[in-house]
Amino acid sequence: MGYAEVSVNSPIAQRRAFSYAIPSGLSIDVGQAVWVPFGNKLLQGIVLELTQYPSVEETREIAGVIEPHPVLSLAQVSLAYWISQYYLSPLFDAVALMLAPGFERKVVTFISSRSTPNDFDTSSLTLEQRHALELVQRQGKVSLKKLEKTLGIRQARLVTSQLIHQGLVVRSYELERVKIKPKKVAYLRLKVEASQAQQEAFRLRKKGAGKQSALLDFLAQQSKPVPLAEARQKAKCDKAIVDALVQKSLVELQRIEVRREPISYRGITPSSPLTLTSAQESALQSIKSSLLEVVKGYTPPSVFLLHGVTGSGKTEIYLQALAEAVRLGKRGIVLVPEIALTPQTIERFASRFPNKVAVLHSKLSLGEQFDEWQRIRNGEFDVVIGSRSAIFAPQPELGLIVIDEEHEWTYKQHDKSPRYQARDVAIKLAELAGAVVILGSATPDVETFYHAQRGDYRLLQLPERVVPTEASPLPQVEVVDLRDELKAGNRSLFSRSLSQVIAKAVTGGEQVILFLNRRGAATFVQCRRCGFVLRCRRCEVALTHHFVEDVLVCHQCNYKMSVPQICPRCLSRRIKFLGVGTQKLEQEASYAFPQARLLRWDSDVTKRRYSHEEILGKFRAHQADILIGTQMVAKGLDLPLVTLVGVISADTGLNLPDFRAGERTFQLLSQVAGRAGRGILGGQVIIQTYSPEHYAIQAAAKHDYALFYDREIAYRRQLHNPPFTRLACLVYSHTNDTLCQREAERMKRLLIEEIEARGIVDLSLIGPAPAFIHRLRGRFRWQIILRGSEPSAFLSQIPIPQGWTVDIDPVGL
Ligand code: ADP
Ligand code: ZN
Ligand code: ZN
Numbered sequence: 004m005g006y007a008e009v010s011v012n013s014p015i016a017q018r019r020a021f022s023y024a025i026p027s028g029l030s031i032d033v034g035q036a037v038w039v040p041f042g043n044k045l046l047q048g049i050v051l052e053l054t055q056y057p058s059v060e061e062t063r064e065i066a067g068v069i070e071p072h073p074v075l076s077l078a079q080v081s082l083a084y085w086i087s088q089y090y091l092s093p094l095f096d097a098v099a100l101m102l103a104p105g106f107e108r109k110v111v112t113f114i115s116s117r118s119t120p121n122d123f124d125t126s127s128l129t130l131e132q133r134h135a136l137e138l139v140q141r142q143g144k145v146s147l148k149k150l151e152k153t154l155g156i157r158q159a160r161l162v163t164s165q166l167i168h169q170g171l172v173v174r175s176y177e178l179e180r181v182k183i184k185p186k187k188v189a190y191l192r193l194k195v196e197a198s199q200a201q202q203e204a205f206r207l208r209k210k211g212a213g214k215q216s217a218l219l220d221f222l223a224q225q226s227k228p229v230p231l232a233e234a235r236q237k238a239k240c241d242k243a244i245v246d247a248l249v250q251k252s253l254v255e256l257q258r259i260e261v262r263r264e265p266i267s268y269r270g271i272t273p274s275s276p277l278t279l280t281s282a283q284e285s286a287l288q289s290i291k292s293s294l295l296e297v298v299k300g301y302t303p304p305s306v307f308l309l310h311g312v313t314g315s316g317k318t319e320i321y322l323q324a325l326a327e328a329v330r331l332g333k334r335g336i337v338l339v340p341e342i343a344l345t346p347q348t349i350e351r352f353a354s355r356f357p358n359k360v361a362v363l364h365s366k367l368s369l370g371e372q373f374d375e376w377q378r379i380r381n382g383e384f385d386v387v388i389g390s391r392s393a394i395f396a397p398q399p400e401l402g403l404i405v406i407d408e409e410h411e412w413t414y415k416q417h418d419k420s421p422r423y424q425a426r427d428v429a430i431k432l433a434e435l436a437g438a439v440v441i442l443g444s445a446t447p448d449v450e451t452f453y454h455a456q457r458g459d460y461r462l463l464q465l466p467e468r469v470v471p472t473e474a475s476p477l478p479q480v481e482v483v484d485l486r487d488e489l490k491a492g493n494r495s496l497f498s499r500s501l502s503q504v505i506a507k508a509v510t511g512g513e514q515v516i517l518f519l520n521r522r523g524a525a526t527f528v529q530c531r532r533c534g535f536v537l538r539c540r541r542c543e544v545a546l547t548h549h550f551v552e553d554v555l556v557c558h559q560c561n562y563k564m565s566v567p568q569i570c571p572r573c574l575s576r577r578i579k580f581l582g583v584g585t586q587k588l589e590q591e592a593s594y595a596f597p598q599a600r601l602l603r604w605d606s607d608v609t610k611r612r613y614s615h616e617e618i619l620g621k622f623r624a625h626q627a628d629i630l631i632g633t634q635m636v637a638k639g640l641d642l643p644l645v646t647l648v649g650v651i652s653a654d655t656g657l658n659l660p661d662f663r664a665g666e667r668t669f670q671l672l673s674q675v676a677g678r679a680g681r682g683i684l685g686g687q688v689i690i691q692t693y694s695p696e697h698y699a700i701q702a703a704a705k706h707d708y709a710l711f712y713d714r715e716i717a718y719r720r721q722l723h724n725p726p727f728t729r730l731a732c733l734v735y736s737h738t739n740d741t742l743c744q745r746e747a748e749r750m751k752r753l754l755i756e757e758i759e760a761r762g763i764v765d766l767s768l769i770g771p772a773p774a775f776i777h778r779l780r781g782r783f784r785w786q787i788i789l790r791g792s793e794p795s796a797f798l799s800q801i802p803i804p805q806g807w808t809v810d811i812d813p814v815g816l
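For the sequence shown, position 465 (counting from the first letter as 1) is numbered 468 according to our numbering, and the numbering increases by one without interruption.
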């Protein structure tokens, strides 16, 4: 008899798989979905391994298969194990990442009647038992849920198990029905012969019903039913006209099942590969030869870092590398940040691979995701494009993975288990499946660049824009020192230079983007005279002001100090809390530039589907002069009429309580500086700051990645931060702050004991401290950071108490 190690869909299962016996006659493969008994329930499970011997003495049998074919590939099975172990997530959470949308369904328990023996005396039953039995017998089969509703949960469970025991009823399990319904679209068709319709149309026109007549005429010319929306558009009529014809029994509406298609290839013209520049050519050659070697099985696959400013032709390389993979019989996955998954991006891929591109992202309806997923699994697409979770798409013959804007933080899932980093998962998957990886960025993550420097990844560089001369030189960047503004008596959010150029641009019919570099709501304290920022002595991060206690707190180590009255550096009294929101900015802009039309773009305005597009569309159509927003506006910079981008305050980003604050600021400012002024009007960028000498600001203004990297990596080394160490962030949350802190202190002691008991020397503990977002949905949060060479391996051996979440390689502390 054979055995299977099964990952079971139960919260109790945690990071383990369970041994089950395979009943004779049942053929089971690795990756297959099965039903298994677990406690007194029947649950879904995925077979991860087949073994000769079980890992426990007593095993139960697999109850049945859910689907005849494996739902996970061998590489995905290994990947699930790795994710669960490395990110310390329950095994089934990792497995579930790779299952079809809607796979996880509940089991419904049914109770059905059996033929009662003739001599059975029902008077031996209790009143409740008899009542339940009658209910079941009347309908033959009743769900346990329904019995629970009628009899109460406890009664129902008690009575049914008594009846089962007596052999009067049996229990059975069925899958809850799939909630995804096929998509149906309304179609319009004639109910009469075409010739008759034309006569009617003629008659209607004479009676003055021109619109009805036109619609009827249109339909008479069609050979098959037409989608209602299309018919209305073509005949330029509204629903009332359609209803009128339906009333007259001339036409009828039908609902026809259609496939959901996230991409409409209508209107997309196929594109051909461009002739590459020599820099592009040499980069592509390296990738091509790696692909060939991998396909032939000569070498393990490489990870490439493609470093090139925006407009240097990275996307063209992705497209040609994908084409090469396809030529070699392979397929690809392309990851882009969620916010970049716009119709324009999709169109670039769709036009090069017509009808061969699948799209996966979280804004698709469950049904759309489900349809795409099934078709991907059937091998219908050369390229799958999507946000981070698309890395788990069931793409067969995977040969190439592209991660565009690899430095983006959205590749890390931080809000639910498994807290995985899609970039690292991709590299692991590539290793398991034998695929080449291209990481592309204008401002690579410091850790990625470090690996490229060490030779772990292969560095490919595109130093220049494809069209560097006339149309799109890198824009000129001016850094404005806000301390000078204050000296000159200017207290507004706009420096004198910025005000002037805004006014000039708006009067000249050009457009302006005002960018507020801001995340969360941290308030730090800065001297407006000399720019000095109060920082933690131990961690170097900016201290955050807590209003209630009126103290400054380090969000890494909980160091506290009172708010100083004068600047410790220049003794000025102008020491202030800084932090401005988009609403405040909009208000000030409306006073300062009363003639300008303003448009605000932030997360408040963009919670709805596609509204990014709506806002951008509005701005592109020149329905506003000034666009105000946070991080998002950096994506909207590719607009021909925009000649000026103003960064209101670069300091907010620099002073977040996070060792990556400098990196984040550099990335954002570079994106702004690199994308502004792509139209023929040219462009200008103004960065306002109290710290004009900061290397992140200097480097961004000069478009100089190396300048930034050299300084940053030196700091990282000096302060023992990644990539020289790895971090794990443990968070505890509770409605009571004191209790929360106490639990965090207790956990700290436990961790220290464990570290000492194991004699581990290269693991240190920072905190506990209030988390950056100290209070979230009514719960307080405290965090402990573990720093060392392998915090994950250490934590995997510690029983983590209830209520704690663990984030390995966190981004945004
Ligand atoms: P990136 O992805 O680095 O921002 P793109 O691939 O989008 O760069 O290229 C920027 C622009 O240059 C695009 O309009 C693209 O069509 C064009 N382009 C890219 N490579 C070439 C080439 N070899 N010859 C002509 N135009 C090119
Ligand atoms: Zn000062
Ligand atoms: Zn500190």
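All C-beta atoms, glycine included, are put in the ideal place defined by N, C-alpha and C.
Just so we're clear, the structure is a prediction, and the values are computed from it rather than from any experiment.
Taking 8 Å as the limit between beta carbons, can you name the residues of its chain near residue i, skipping five residues before and five after?
| i | result |
| --- | --- |
| residue 589 | 601, 603 and 631 |
| residue 84 | 51, 94 and 97 |
| residue 460 | 305, 306, 307, 308, 442, 451 and 454 |
| residue 376 | 103, 104, 363, 396 and 397 |
| residue 340 | 390, 407, 408, 411, 413 and 414 |
Would you decide whether residue i is buried or exposed? Buried here means 16 or more other CB atoms lie within 10 Å of its CB.
| i | result |
| --- | --- |
| residue 211 | exposed |
| residue 750 | buried |
| residue 659 | buried |
| residue 474 | Bear in mind that the predicted position of residue 474 carries a pLDDT of just 48, short of 50, making it too unreliable to give a figure here. |
| residue 47 | buried |
| residue 530 | buried |
| residue 82 | buried |
| residue 408 | buried |
| residue 56 | exposed |
| residue 313 | buried |
| residue 655 | buried |
| residue 585 | buried |
| residue 101 | buried |
Ignore the nearest five residues each way along the sequence and tell me which others in residue i's own chain have a CB closer than 7 Å to its CB.
| i | result |
| --- | --- |
| residue 215 | 207, 244, 247 and 248 |
| residue 593 | 601 |
| residue 768 | 751, 754, 755, 787 and 789 |
| residue 158 | 131 |
Which first and last residues belong to the alpha helix (DSSP H) in which residue i is found?
| i | result |
| --- | --- |
| residue 77 | 77-89 |
| residue 436 | 425-436 |
| residue 698 | 698-704 |
| residue 531 | From DSSP, residue 531 is part of no alpha helix (DSSP H); its letter is neither H nor E. |
Provide the residue span of the beta strand (DSSP E) that contains residue i, from first to last.
| i | result |
| --- | --- |
| residue 22 | 21-24 |
| residue 809 | 807-811 |
| residue 239 | Note, residue 239: premise wrong, no beta strand (DSSP E); not H, not E. |
| residue 776 | 766-779 |
| residue 40 | 36-41 |
Residue i and residue j: beta carbons closer than 9 Å?
| i | j | result |
| --- | --- | --- |
| residue 812 | residue 415 | yes |
| residue 742 | residue 694 | no |
| residue 257 | residue 189 | yes |
| residue 644 | residue 800 | no |
Could you pull out every residue in the same chain whose Cβ sits closer than 6 Å to the Cβ of residue i, ignoring the five residues on either side in sequence?
| i | result |
| --- | --- |
| residue 204 | 216, 219 and 220 |
| residue 618 | 604 |
| residue 810 | 422 and 732 |
| residue 524 | With a pLDDT of only 48 at residue 524, under the threshold of 50, the placement of this residue in the model should not be trusted, and no figure is reported. |
| residue 522 | With a pLDDT of only 49 at residue 522, under the threshold of 50, the placement of this residue in the model should not be trusted, and no figure is reported. |
| residue 234 | 191 |
Quiz item: Hey, is the stretch 48-63 in contact with the stretch 123-136, meaning 3+ C-beta pairs nearer than 8 Å?
Solution: no
Quiz item: Within the chosen definition, does the stretch 366-378 reach the stretch 291-308 through at least 3 CB pairs nearer than 8 Å?
Solution: no
Quiz item: If you pair each beta-carbon of the stretch 351-362 with each one of the stretch 318-336, do three or more pairs fall below 8 Å?
Solution: yes
Quiz prompt | Three-pair Cβ contact test at 8 Å for the stretch 524-542 versus the stretch 559-578 | solution = yes
Quiz item: Is the stretch 132-150 close to the stretch 158-170, with three or more CB pairs under 8 Å?
Solution: yes
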